[in-house]
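According to the numbering used here, the residues represented by the sequence shown are 161 to 736, in order. Yeah, the Cβ is synthetic: ideal placement off N, Cα and C, and Gly gets one too. Everything below concerns the one structure shown next.
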Amino acid sequence: MNYVNRQKSRPTDFPSWGVTRGQITGRRQAARIAFLFCMGICLGLLLTVSAHRPATAQQPPPDSACRLCHTDTDETLALPDGEELSLGIDPTIIDASVHGGHSPEIGCTDCHRPHEEYLYPHTAAQPESRTAFLAKVAESCSSCHLPADQHNPGHLGVLDNSNIPNCVDCHGGHDATSAASMAADPVGTCLNCHQEFGDPQSVQVHEEFAHTLDKDKNCTTCHNDQAISPNQKCESCHTLLQSEKTLASGETLSLHLDLAELAESVHGLHLINTDGGAPLKCADCHVDMERYGFPHPESNVMDLRELQLGMQNICGDCHEDIYRQQLTSVHGKAQAYGTMVAASCVDCHGSHDVENPSVPREKISQTCGNCHSTINDQYEHSVHGAALLGEQNPDVPVCTDCHGVHDIGDPRTAEFRLSSPEMCGKCHADKELMEKYDISTNVFDSYVSDFHGTTVALFEEQSPHEETNKAVCYDCHGVHDILPATDENSHIIRANLLVTCRQCHPDAGDNFPDAWMSHFEPSLEHNTLVFFVDWFYRLLIPGVMAGFSLFIGADIYRTVRNRYSRKKGEKTDDIE
161 MNYVNRQKSR
171 PTDFPSWGVT
181 RGQITGRRQA
191 ARIAFLFCMG
201 ICLGLLLTVS
211 AHRPATAQQP
221 PPDSACRLCH
231 TDTDETLALP
241 DGEELSLGID
251 PTIIDASVHG
261 GHSPEIGCTD
271 CHRPHEEYLY
281 PHTAAQPESR
291 TAFLAKVAES
301 CSSCHLPADQ
311 HNPGHLGVLD
321 NSNIPNCVDC
331 HGGHDATSAA
341 SMAADPVGTC
351 LNCHQEFGDP
361 QSVQVHEEFA
371 HTLDKDKNCT
381 TCHNDQAISP
391 NQKCESCHTL
401 LQSEKTLASG
411 ETLSLHLDLA
421 ELAESVHGLH
431 LINTDGGAPL
441 KCADCHVDME
451 RYGFPHPESN
461 VMDLRELQLG
471 MQNICGDCHE
481 DIYRQQLTSV
491 HGKAQAYGTM
501 VAASCVDCHG
511 SHDVENPSVP
521 REKISQTCGN
531 CHSTINDQYE
541 HSVHGAALLG
551 EQNPDVPVCT
561 DCHGVHDIGD
571 PRTAEFRLSS
581 PEMCGKCHAD
591 KELMEKYDIS
601 TNVFDSYVSD
611 FHGTTVALFE
621 EQSPHEETNK
631 AVCYDCHGVH
641 DILPATDENS
651 HIIRANLLVT
661 CRQCHPDAGD
671 NFPDAWMSHF
681 EPSLEHNTLV
691 FFVDWFYRLL
701 IPGVMAGFSL
711 FIGADIYRTV
721 RNRYSRKKGE
731 KTDDIE
């Protein structure tokens with residue numbers, strides 16, 4: 161109520177101003193409209209001016225002053241050592257480098273430090289040489305990157321060398337390349353400096369390697385910052401080398417090493433799989449680093465044979481007992497007397513590709529056949545060789561069963577000849593072995609019991625070194641060409657037996673072989689007449705001896721009895 165009354169009591173006119181309230185309200189609205197209109201015009205003008213206003217100039221780069229002078233100039237700076245240092249730069253090269261537009265902005269003075277030395281006008285201090293200038297610039301690389309004494313692939317081992325390259329030498333200066341581009345062509349990077357080698361062997365090796373290396377096998381494969389063993393040095397070169405060395409004899413020696421071949425040998429993974437040992441390394445055999453260290457000294461080896469024979473001493477370092485046996489064997493003695501073609505360790509076992517010599521078993525005869533080819537051909541067609549090669553029969557003898565392995569004796573000696581029946585008897589007197597093939601085991605006993613065997617056994621016991629012409633097994637059966645007794649070409653078949661006998665008995669008649677009973681004991685089946693005669697005498701002789709004994713015994717009994725009776729009678733007469 162009061163509020164209404166107050167509203168009613170408010171004056172509606174302003175007599176002191178000469179205007180009414182309605183007039184004042186209208187003027188205010190007009191002013192507002194005018195203000196908004198003016199603001200719109202100002203804003204439009206501002207936008208129009210801004211749209212047509214030229215862009216504000218960018219701040220000049222920090223190296224703009226450097227570029228003003230050093231771009232498009234061919235001036236040079238004469239250095240104290242006589243070299244000239246070019247003062248011109250090519251901005252496009254810098255922009256294309258790893259420090260260019262695709263990387264955070266890097267100015268001239270980021271690398272050319274300290275700043276006071278490069279402010280214009282430049283100080284009078286000058287580098288002694290271009291190399292010294294680049295080395296000075298390279299020092300600033302460590303402000304962003306690892307210092308060179310921590311990152312200098314292939315050179316950390318020679319930091320005390322005055323010629324060691326710095327960052328700029330490898331990466332470049334204004335044209336600095338990325339690490340990725342260098343990794344893509346590591347060999348090319350190294351060849352920028354390493355183009356000449358004083359040692360002829362180094363020249364040969366690097367010339368051969370240059371076109372075979374890649375990003376996986378490159379210079380740092382051999383020349384890295386870690387100390388490598390002598391074995392790694394050998395492998396790093398000889399696994400890549402494909403060339404050959406020409407010896408004085410004109411023969412060639414391959415310089416290539418096949419690591420897979422070495423690993424599969426008995427000196428490689430075989431040692432791990434069988435003995436639990438570590439594989440042999442190059443330096444385990446090639447121990448003389450004065451001879452085998454790189455660069456290798458000039459070799460005075462005349463031919464391959466001299467090289468192979470020299471390797472025997474290396475084998476003897478580990479295989480001492482075997483080596484001593486070999487020295488006293490027929491091969492070792494032949495070498496001592498100057499027969500250089502006599503078998504050595506390498507001839508039988510190989511060098512890097514040494515395999516188990518008796519697996520498979522037929523490998524033994526094939527190894528011997530490399531030198532004794534004619535004998536090996538005979539053996540392959542013999543009863544023993546055919547069973548081994550054709551049937552893989554493990555029971556038949558091979559070369560080493562008869563001749564030995566490393567202690568091979570001279571088969572031409574009287575000692576070998578006299579002991580040969582026992583050698584054959586090792587198999588042919590083995591009942592368990594012979595029963596598998598239904599072969600009589602009496603061959604050795606029957607031989608020893610006849611004239612030939614008895615004489616040979618006597619000579620072996622009393623005069624083992626004296627010659628004898630008495631027949632031994634191989635005189636009749638053959639040496640390496642032993643054939644089954646039923647073979648038409650066998651030496652002991654009935655049709656050929658006379659020829660065999662006449663080797664020792666040239667005057668033997670046609671019926672001479674009939675006296676030989678072979679190795680069969682007389683029986684109802686073999687040598688029947690002899691069997692009966694044998695039994696006749698077996699019975700006759702004991703019977704005769706028994707009869708004689710009976711007669712003699714009876715006679716003695718009668719004599720003694722008569723004497724006793726006579727003496728007894730004489731005593732009776734005396735008493736009477």
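| Query | Result |
| --- | --- |
| So if DSSP puts leucine 245 in a beta bridge, which residue, or which two residues, is it bridged to? | Leu237 |
| Just grab the DSSP bridge partners of threonine 412 for me. | Thr406 |
| Give the straight-line distance between the Cα atoms of histidine 103 and threonine 399, rounded to the nearest whole angstrom. | Residue 103 lies beyond the stretch modelled for the chain, which goes from 161 to 736, so this question has no answer here. |
| Give me the Cα-Cα distance between leucine 684 and valine 693, rounded to the nearest whole angstrom. | 12 angstroms |
| If I measure Cβ to Cβ from cysteine 475 and keep anything under 6 angstroms in the same chain, skipping five residues before and after, which residues do I get? | Cys505 |
| Smallest Cα separation from glutamate 299: which of Gly333, Pro281, Pro313, Leu279? | Gly333 |
| Which whole runs of the alpha helix (DSSP H) in the segment 501-582 are 4 residues long or more, in chain order? | 505-509, 523-529, 533-540, 543-551, 559-563 |
| For the alpha helix (DSSP H) containing phenylalanine 619, name the first residue and the last one. | 611-622 |
| Excluding the 5 residues preceding and the 5 following aspartate 507 in the sequence, name in chain order all residues of the same chain whose CB lies nearer than 8 angstroms to its CB. | Gln468, Asn530, Cys531 |
| Straight-line CA distance for aspartate 385 to leucine 415? | 26 angstroms |
| Within 10 angstroms of the Cβ of alanine 343, are there 16 or more other Cβ atoms? Answer buried if so, exposed if not. | exposed |
| Could you check the C-alpha separation between lysine 727 and serine 709 for me, to the nearest Å? | 27 angstroms |
| For the segment 627-643 against the segment 534-551, do three or more pairs of beta-carbon atoms, one drawn from each stretch, fall closer than 8 angstroms, so that the two count as touching? | yes |
| For histidine 509 versus proline 520, is the C-beta spacing smaller than 8 angstroms? | no |
| Please say whether leucine 658 and phenylalanine 672 have beta carbons closer to each other than 8 angstroms? | yes |
| Can you tell me whether DSSP reads threonine 231 as helix, strand or coil? | strand |
| Does the Cβ-Cβ distance between methionine 462 and leucine 407 come in under 8 angstroms? | yes |
| Taking the alpha helix (DSSP H) that methionine 471 belongs to, which residues open and close that run? | 464-478 |
| Sorted by chain position, which residues of the same chain lie with C-beta nearer than 7 angstroms to arginine 577's C-beta, five sequence neighbours on each side aside? | Val632 |
| Given cysteine 664, which residues of its chain have a CB within under 8 angstroms of its CB, disregarding the five upstream and five downstream residues? | Asn629, Ala631, Asp635 |
| Output the distance between the C-alpha atoms of cysteine 301 and arginine 273, rounded to the nearest integer angstrom. | 10 angstroms |
| For glutamate 395, does the count of other Cβ atoms within 10 angstroms reach 16, so buried, or fall short, so exposed? | buried |
| Starting from the C-beta of threonine 216, find all residues in its chain whose C-beta is less than 7 angstroms away, skip the five residues before and the five after it, and write them out in chain order. | Here the model assigns threonine 216 a pLDDT of 46, short of 50, so the residue's position is not dependable, and the following value carries that caveat. If we look at threonine 216 and ignore the five residues flanking it on each side, it has no Cβ neighbours. |
| Which of the three DSSP states, helix, strand or coil, is assigned to glycine 358? | coil |
| Please classify glycine 492 as buried or exposed, where buried requires at least 16 other C-beta atoms within 10 Å of its C-beta. | buried |
| Look up glutamine 486 in the DSSP assignment and say whether it is helix, strand or coil. | helix |
| Is DSSP giving tryptophan 676 helix, strand or coil here? | coil |
| In angstroms with no decimal places, state the Cα-to-Cα distance between alanine 420 and leucine 429. | 10 angstroms |
| State whether the segment 363-381 contacts the segment 337-352, with contact taken as three or more CB pairs (one from each stretch) at a distance under 8 angstroms. | yes |
| Taking cysteine 286 and proline 240 to be in contact with their CB atoms under 8 angstroms, please state how far apart those CB atoms are, rounded to whole angstroms. | It should be pointed out that residue 286 corresponds to glutamine in this sequence rather than to cysteine. Going by Cβ atoms, the distance from glutamine 286 to proline 240 rounds to 7 angstroms, so yes, they are a contact pair. |
| Can you give me the C-alpha to C-alpha distance between tyrosine 770 and glutamate 551, rounded to a whole angstrom? | There is no way to answer for residue 770, as the model of the chain reaches only from 161 to 736. |
| For glutamate 737, does the count of other Cβ atoms within 10 angstroms reach 16, so buried, or fall short, so exposed? | Because the chain here runs from 161 to 736, residue 737 falls outside it and cannot be looked at. |
| Taking the alpha carbon of proline 360 as the reference point, which residue from Glu458, Ala547, Glu277 has its own alpha carbon closest? | Glu458 |
| What is the residue span of the alpha helix (DSSP H) that histidine 629 lies within? | The residue asked about is misnamed: residue 629 is asparagine in this sequence, not histidine. Unbroken run through asparagine 629: none, as it is neither H nor E. |
| CB glutamine 622 to CB aspartate 567, shorter than 8 angstroms? | no |
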